[in-house]
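In this note's numbering, each residue's number is its place in the sequence shown (first place is 1) plus 12. For every residue, glycine included, the Cβ atom is placed at its ideal position computed from N, Cα and C. All values derive from a computational prediction rather than experimental measurement. Working notes, beginning with the structure itself.
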Amino acid sequence: MKRPDNAAAATALIAALSATHAQVAETDRLAEYNARNHVWPPPDEEYKPPTPGWRSLYQSRIRQLEQYDDPELTAKWNGYMVAVHSALLCQNFTENGWGLTKAPQDIVDDLRWKLHLGMVEYPEDEGAEYEEEGNPLFVDIGSDVSNDVLRELKPIHEAWAGVDLVGELAYGLRIYKDGATLAMHADKSATHVISSILHIDHDPMGEPWPLFIEDFHGNLNEVYLESGDMLLYESSKCIHGRPRPFNGAWYSSLFIHYFPTWWDGEKVHSDSTYRIPPTWNELIPRSNDDDALIVRGTSLLQPECEHSWCALKDAKQWRGPVEEGQVLSVGGMEKLNMNRAPTQGPIRQRVSQEDEL
């Protein structure tokens, strides 16, 4: 079933969503789609990586988007942008998409001191960036400390991902409060490519609060972090979140983001725009075999399931301890190769050599 006047509505929507990029009329977008020889449904070999589990996960998600009744079309478009980037366009840098390691203790100690001092001095409200319950608090570590963290931790991220990186942001300290949730979502594709969550500290009387993340085999993983644990992850590719409510007084982490030296954020955006199928604004009847999906920004929710995510009951649990120089993931414990050779590729002229972190 196709909505009336969808071509005009789609053109207006794309223009509104592309305010920071070249505006594209729907007819021009479809012409470029065809010029690139795209087809829909995507062929099996287009999925990145081409594992059966990853392909099955996103074939199901695409069906959910096709059945998503969004009268305004904005959320449906956003859902397709997330899906085509994650499933088809963005290469995977690691085998599983996530890994648990340990941060250097001196960095953790310094950040923990700043956290507890900041909590005494009345942290400010952060404001919700994603679909969250409970407005987080925020202790600003400042740009100098943020840059120090990016520089000191970059070798760990490069060793894990096997690619040379540019530091984008070390954001925090975010402090979640009792009852907080974080919907399953993907991060910004332009800059948040190789990332980590460094857990600083939490209420010792609170209950463990896992992070859930999808891997490249189509499975959901339930990862528990202790102070000093650092979850490495491909953050614009692997859907992740904390959909279960936190039961405790406070829980704080630092969010660290890098992108490859050759990464072109504007091209990533335009490639996703042109990969969305011509039928994206059509609605197909709901199938009893597919769970309902709704989209809010880059967050995905399945409202008919507990905590708005149906796979939680089947998630595999992971926890440390891990040591510095080790990484735990689906394949077990491995050593990080801190002496890898630099990768070669086009250098993105985003920052000067002197400014590169």
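{"Item": "Burial state of L155, where buried means 16 or more other Cβ atoms lie within 10 Å", "Value": "According to the sequence provided, residue 155 is Ser. The question's Leu does not apply to it. That one is exposed."}
{"Item": "Cα-Cα separation, E180 to L165", "Value": "12 Å"}
{"Item": "Neighbourhood of G109 by C-beta, 6 Å cutoff - its chain only, sequence neighbours within 5 removed", "Value": "D227, F228, E246, C250"}
{"Item": "Under the three-state DSSP convention, the category I74 falls into", "Value": "helix"}
{"Item": "Local Cβ density within 10 Å of K328, reported as buried at 16 or more and exposed below that", "Value": "exposed"}
{"Item": "Sequence-distant residues of the same chain with beta carbon closer than 6 Å to G230, five excluded per side", "Value": "G65, W66, S68, L69"}
{"Item": "Which residues DSSP lists as bridging S311, in chain order", "Value": "H197, R308"}
{"Item": "Helix, strand or coil at Q372 [DSSP, three-state]", "Value": "The chain is shown only over 13 to 369; residue 372 falls outside these bounds and no answer can be derived."}
{"Item": "Residue interval of the alpha helix (DSSP H) (run including Q117)", "Value": "117–132"}
{"Item": "L266 versus T86: straight-line alpha-carbon distance, rounded", "Value": "31 Å"}
{"Item": "Proximity below 8 Å, CB of K88 to CB of G146", "Value": "no"}
{"Item": "Alpha carbon of W125 to alpha carbon of V132, nearest angstrom", "Value": "11 Å"}
{"Item": "Buried versus exposed, by CB contacts within 10 Å (16 or more), A192", "Value": "buried"}
{"Item": "T86 in three-state terms, based on DSSP", "Value": "helix"}
{"Item": "N300 classed as buried or exposed, judged by whether at least 16 other C-beta atoms fall within 10 angstroms", "Value": "exposed"}
{"Item": "Sufficient close CB pairs (3 or more, under 8 Å) joining the segment 217–224 to the segment 256–266", "Value": "yes"}
{"Item": "Limits of the unbroken beta strand (DSSP E) element including T113", "Value": "110–114"}
{"Item": "Burial state of M350, where buried means 16 or more other Cβ atoms lie within 10 Å", "Value": "exposed"}
{"Item": "Segment contact flag, the segment 207–216 with the segment 76–86, C-beta cutoff 8 Å, min 3 pairs", "Value": "no"}
{"Item": "Contact check, K114 vs D241, beta carbons under 8 Å", "Value": "yes"}
{"Item": "Beta-carbon gap between V8 and L243 smaller than 8 Å", "Value": "Outside the shown range of the chain (13 to 369) lies residue 8, about which nothing can therefore be said."}
{"Item": "Other residues of its chain near Q71: CB distance less than 7 Å, five sequence neighbours each side excluded", "Value": "none"}
{"Item": "Reference H97; option with closest CA among Q76, L123, Y59", "Value": "Y59"}
{"Item": "Collapsed DSSP secondary structure at Y370 in the structure displayed", "Value": "In the structure displayed, the chain extends from 13 to 369; residue 370 sits before or after that span and is not available."}
{"Item": "Simplified DSSP assignment, three categories, for A47", "Value": "helix"}
{"Item": "Residue closest to D40, alpha-carbon to alpha-carbon, out of R287, P62, L123", "Value": "R287"}
{"Item": "Whether I296 touches E78 by CB criterion (8 Å)", "Value": "yes"}
{"Item": "Proximity to W262 [Cα-Cα], best of L324, F150, P272, D160", "Value": "F150"}
{"Item": "Local conformation of A37 per DSSP, three classes", "Value": "coil"}
{"Item": "Sequence-distant residues of its chain with Cβ nearer than 7 Å to T203 (five each side left out)", "Value": "E180, H269, F271, G277"}
{"Item": "Residues near G253 in its chain [Cβ-Cβ closer than 7 Å; skip 5 each side]", "Value": "L194, A195, M196, H197, F224"}
{"Item": "Three-state class that DSSP yields for S248 in the structure shown", "Value": "coil"}
{"Item": "The beta strand (DSSP E) enclosing H414, as first and last residue numbers", "Value": "The chain is shown from 13 up to 369; residue 414 falls before or after that span and cannot be answered."}
{"Item": "Terminal residues of the beta strand (DSSP E) in which W172 lies", "Value": "Element bounds for W172: not the beta strand (DSSP E) but the alpha helix (DSSP H), 154–173."}
{"Item": "Proximity winner among V51, G111, L100, F105, relative to E336 (alpha-carbon distances)", "Value": "G111"}
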